[in-house]
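Protein chains: 2
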Amino acid sequence: MEGTNTIRSIPAQTLKRLPTYLSFLRSDVCADSPFVSAGKLAAALDRTEIQVRKDLAAVSTTGGRPKVGFAREALIRDIEDFLGLRNVDSAILAGVGGFGGALLGYNGFQNCGITIVAAFDDDPALAGSSLHGTHILGMDKLTSLCKRLHIHIGVLCVENALAQQTADKMIAGGVLAIWNFTDVTLQTPEGVAVRTENLTDSLTLLLHELLQRMRSEA
Amino acid sequence: MEGTNTIRSIPAQTLKRLPTYLSFLRSDVCADSPFVSAGKLAAALDRTEIQVRKDLAAVSTTGGRPKVGFAREALIRDIEDFLGLRNVDSAILAGVGGFGGALLGYNGFQNCGITIVAAFDDDPALAGSSLHGTHILGMDKLTSLCKRLHIHIGVLCVENALAQQTADKMIAGGVLAIWNFTDVTLQTPEGVAVRTENLTDSLTLLLHELLQRMRSEA
DNA sequence: TAGATTGTTAATCGATTAACAATC
DNA sequence: TAGATTGTTAATCGATTAACAATC
């Protein structure tokens, strides 16, 4: 119960919003002043001021100054620390078709301190080539390479039918976090973190919203 | 207050889970039997049985049969109806670089009944060409084409810096639903539905989870 | 009948919002 | 001082879970 090393725990919903705050704080829109108020963040991110204040209170170490706001730089550092960023890490990517190929050219990895050290694909025509500066290897090399280089992050962009087995290969290689771009709900052991970007589900929800609006308009 | 035409309203969190149920029900794993139990869904999708039962109760018109489960086909139809799918609709896509290009080859659109009728890009080298069977036009044509063809859905894949202004063009053309693949929080009028796939935020949360697990392991 | 499964009502839990106090 | 903004405590709201009844 004692000790300062305990990991602070914050509401799950607050956690989800932190990256949004972070990217806004880092953006040009904020760069003009060394201070940002909760109200300004709220307006830009389309949330209530009270919610933003509470969220920031949960992670800010220095707190804000009445009438002034939060020191931008300090707040950025607090959020980064809380999220555990500022760690450079390596990752591999499986499935270079369509999406996977596009992701190899995605800046976001660098912004998050991630380097894609290799990509894998079943297509023999691709093995040996490289894309956006990343080498492509056969899928059979995935597990061993992850083991050898102690890779903990895998990006999964294969077809749905291959999703589970490819995830299994990653896990066998020691991967602990999977960024899942397939539409499959992966079955993984306890220790493995999975984040699924299910585009089909997401599009479905957008269409639902559209339809509702068109209905209520009629 | 009276009348059967009122739109049923369900919890927001239930709504979010419906597409997941739907895609599982449609999948091969379910095809062997005409019935599915809440327990089976729960196990496959990593949720509690009680939650699934409550969610299904909210949308199922016929209800389930004790000891048997829900009729698969009927349940699929109920969810589709509720979500307002089974409407064919047209969409346009802006920004054919990286992601946008990959999305043009994405099956999910057809599965959701969406046809991408045109793509737009600022790069003059691309205008006039086509990719994955979709014509690419200059960005200046976006608004007028949307108006002319009564397009209501826009997919936004341009660079962050161009995000807002491109969204504005879509809205000027009558687009009512934007699928946003940029990292920008768009400012849009009331009537417009926006769904943002902020990959950077999502990756950030995955890294956070990874770090927490590695910490607690140590 | 017994057992599996659905369906519903009540209890708990967590998140958001509101109200207000504190401070520069 | 007055006003803007933060910070905290209490009230409301919604979602999840638990308990149990209903049914094939």
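Residue numbers (the numbering used here), protein chains in the order written: chain P, 1 to 218; chain C, 219 to 436. Ideal Cβ placement from N, Cα and C applies to all residues, glycine included.
- P:L162 has its alpha-carbon roughly 14 Å from the corresponding atom of P:G138.
- Counting other Cβ atoms within 10 Å of its Cβ, C:D299 stays below 16 and is therefore classed as exposed.
- Look at C:N398 here: in three-state DSSP terms it is strand.
- Identification of residues in the segment 22–52 of chain P having a C-beta nearer than 8 Å to some C-beta of chain C yields L22, S23, F24, A44, L45, D46, given in sequence order.
- C:A260 is positioned such that its CB atom lies closer than 8 Å to that of C:V270.
- Annotation: the segment 275–307 of chain C contains the following complete segments of the alpha helix (DSSP H) (minimum length 4 residues), in chain order: 290–301.
- What C:R431 touches in chain P, judged by beta-carbon distance under 7 Å, is L176, G191, A193, going in chain order.
- Cβ-Cβ separation between P:L205 and P:I178: approximately 23 Å, too far for a contact (criterion under 8 Å).
- In terms of beta-carbon proximity, C:F338 stays away from the interface with chain P, with every pair separated by 8 Å or more.
- With the criterion set as a beta carbon lying under 7 Å from some beta carbon of chain C, the members of the segment 91–115 of chain P are G98, F99, G101, A102, G105, Y106, G108, N111, C112, in sequence order.
- For secondary structure counted as the alpha helix (DSSP H) over 4 or more consecutive residues, the segment 137–195 of chain P holds these complete runs in sequence order: 142–149, 160–172.
- Assigned with DSSP and collapsed to three states, P:S130 falls in strand.
- For P:T182, there are no C-beta contacts with chain C under 9 Å, since the nearest C-beta of that chain is about 11 Å from it.
- Within its own chain, the residues whose Cβ lies closer than 7 Å to the Cβ of P:I79, once the five positions on either side in sequence are excluded, are L18, Y21, L22, V59, listed in chain order.
- Not a single CB atom of chain P sits nearer than 8 Å to the CB of C:I389.
- For P:S202, the closest Cβ of chain C is nearer than 8 Å.
- Comparing alpha-carbon positions, the option among P:P124, P:L131, P:D123, P:M214 lying closest to P:V117 turns out to be P:L131.
- Around the C-beta of C:N398, 16 or more other C-beta atoms lie within 10 Å, and the residue is accordingly described as buried.
- Under the Cβ distance rule, C:H426 counts among the residues neighbouring chain P, one pair being separated by less than 8 Å.
- For the 8 Å CB-CB criterion, C:L301 and C:L311 do not form a contact.
- The DSSP-derived three-state label of P:A94 is strand.
- A straight-line Cα-Cα distance of about 27 Å links P:T143 and P:R86.
- Look at C:I332 here: in three-state DSSP terms it is strand.
- When beta bridges are read from the DSSP output, C:F253 appears opposite C:A289.
- Around the beta carbon of C:T384, a 10 Å sphere encloses 16 or more other beta carbons of the protein chains shown; the residue is thus reported as buried.
- Between the alpha carbons of P:L126 and P:A119 lies a gap of roughly 10 Å.
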